[in-house]
Amino acid sequence: MAIVESKGLILFAKNHKEKDKLVKIFTESAGKQMFYVRGAHRKNNPLQPAIMPFTEATYISQFSEQGLSFLHAAKHIHPFRHLQEDIFLAGYATYLLNLADAAIEDRVYDPHLYQFLKEALHFIDEGKDAEIITNIFEVQVLQRFGVQFEWQHCAICGETHGKFDFSSKYSGVLCERHWSLDERRYHADPKAIHFLRLFHQIDYQKIDTIQVSTETKQVIRTVLDELYEEFVGIHLKSKSFIDQMKSWQQIVKRDEQ
Ligand SMILES: [Zn+2]
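In terms of numbering that gives the first Met the number 0, the sequence shown is residues 0 to 256.
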């Protein structure tokens, strides 16, 4: 096993025996790898800051073809501070990390997904709208789950303007004139479909240009939940956590008034 350097993002860490940890890292050069970190709980372990949740670093390690990989050292450690300190932001970030973990097999080289995930964490950490970034990630990562839809134009006639609805039957959006072709279309709020069409192709850098009201965020959430239920079918604890979190946020805001 050769010793290699690769950038990586901590996906999660869990305790193993008394002093050790199993740490899953999404590496840029060798996909997701599970590492065994001996003595991870020792205070003077120099690896400690590099295996904290919400951290990117360059990891020096030996990748194993199967089983556990070994972590030797780390440098250029970049903690996402706000994600580490803010429980709400941490909720969104954990969900994105879990989605990336679920979307591809371990050890699969996927630098695009790596970059996409890293940018999402970076922008949430910078204080951009975590809900919108999460939605953009959810729409675009669908492809990694083997799900591809026609978002650009009506799946029947190619129309790009006007109101749209989503149709599972036609694997994409339908313009209003063609809604009658699928009685079981989503009957979604056209505003939600408008934003999903936009999110499907937007870069995070451009999110400052879009304004989404709380009501519209809710209808977007509803459609995304339906899509994930029908086409992905995974139920992540971190997703339920976000859903619950929204009701606490309202309580916190009410108390602050
Ligand atoms: Zn049409």
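Ideal Cβ placement from N, Cα and C applies to all residues, glycine included.
Residue i vs residue j beta-carbon contact at 8 angstroms
i: H199; j: Q114; result: no
i: A56; j: K74; result: yes
i: S60; j: H71; result: yes
i: A29; j: S5; result: yes
i: S237; j: N97; result: yes
i: R143; j: F165; result: no
i: Q248; j: F87; result: yes
i: I123; j: Y91; result: yes
i: K190; j: T208; result: no
i: I103; j: L116; result: no
i: F25; j: L10; result: yes
Spatial distance of residue i from residue j (CA atoms)
i: V107; j: F194; result: 31 angstroms
i: K20; j: M0; result: 21 angstroms
i: I132; j: A119; result: 6 angstroms
i: Q32; j: S68; result: 7 angstroms
i: I219; j: E225; result: 10 angstroms
i: I2; j: Y58; result: 10 angstroms
i: K18; j: R37; result: 7 angstroms
i: F34; j: G7; result: 12 angstroms
i: H77; j: T54; result: 6 angstroms
i: H15; j: E84; result: 24 angstroms
i: V22; j: R41; result: 15 angstroms
i: E137; j: L223; result: 8 angstroms
i: V146; j: Y94; result: 19 angstroms
i: K162; j: K13; result: 47 angstroms
i: L235; j: K245; result: 16 angstroms
i: R196; j: D105; result: 30 angstroms
i: P110; j: R253; result: 42 angstroms
i: R80; j: E27; result: 21 angstroms
i: I241; j: S212; result: 18 angstroms
i: G232; j: S239; result: 14 angstroms
i: Q151; j: V251; result: 39 angstroms
i: I192; j: A154; result: 14 angstroms
Which residues DSSP lists as bridging residue i, in chain order
i: S323; result: Summary: the structure shown does not reach residue 323, with the chain confined to residues 0 through 256, and so no result is reported for it.
i: P78; result: T54
i: E149; result: G171
i: F261; result: Here the chain covers residues 0 to 256 and nothing more, so residue 261 does not appear.
i: S166; result: G171
i: Q61; result: I2, F69
i: H15; result: D19
Closer than 8 angstroms to chain B by CB, residue i
i: V140; result: Among the chains of the structure shown, chain B does not appear; only one protein chain is present.
Taking 8 angstroms as the cut-off, does the stretch 203 to 213 touch the stretch 40 to 51 (at least 3 CB pairs, one atom from each stretch)?
No: fewer than three Cβ pairs fall under 8 angstroms.
Touching by the beta-carbon criterion (3+ pairs, under 8 angstroms), the stretch 124 to 135 and the stretch 166 to 178
In this structure the stretch 124 to 135 does not touch the stretch 166 to 178; the number of beta carbon pairs closer than 8 angstroms is below three.
Any 3 or more C-beta pairs closer than 8 angstroms across the stretch 146 to 162 and the stretch 170 to 189
With contact defined as three or more Cβ pairs closer than 8 angstroms, the stretch 146 to 162 and the stretch 170 to 189 are in contact.
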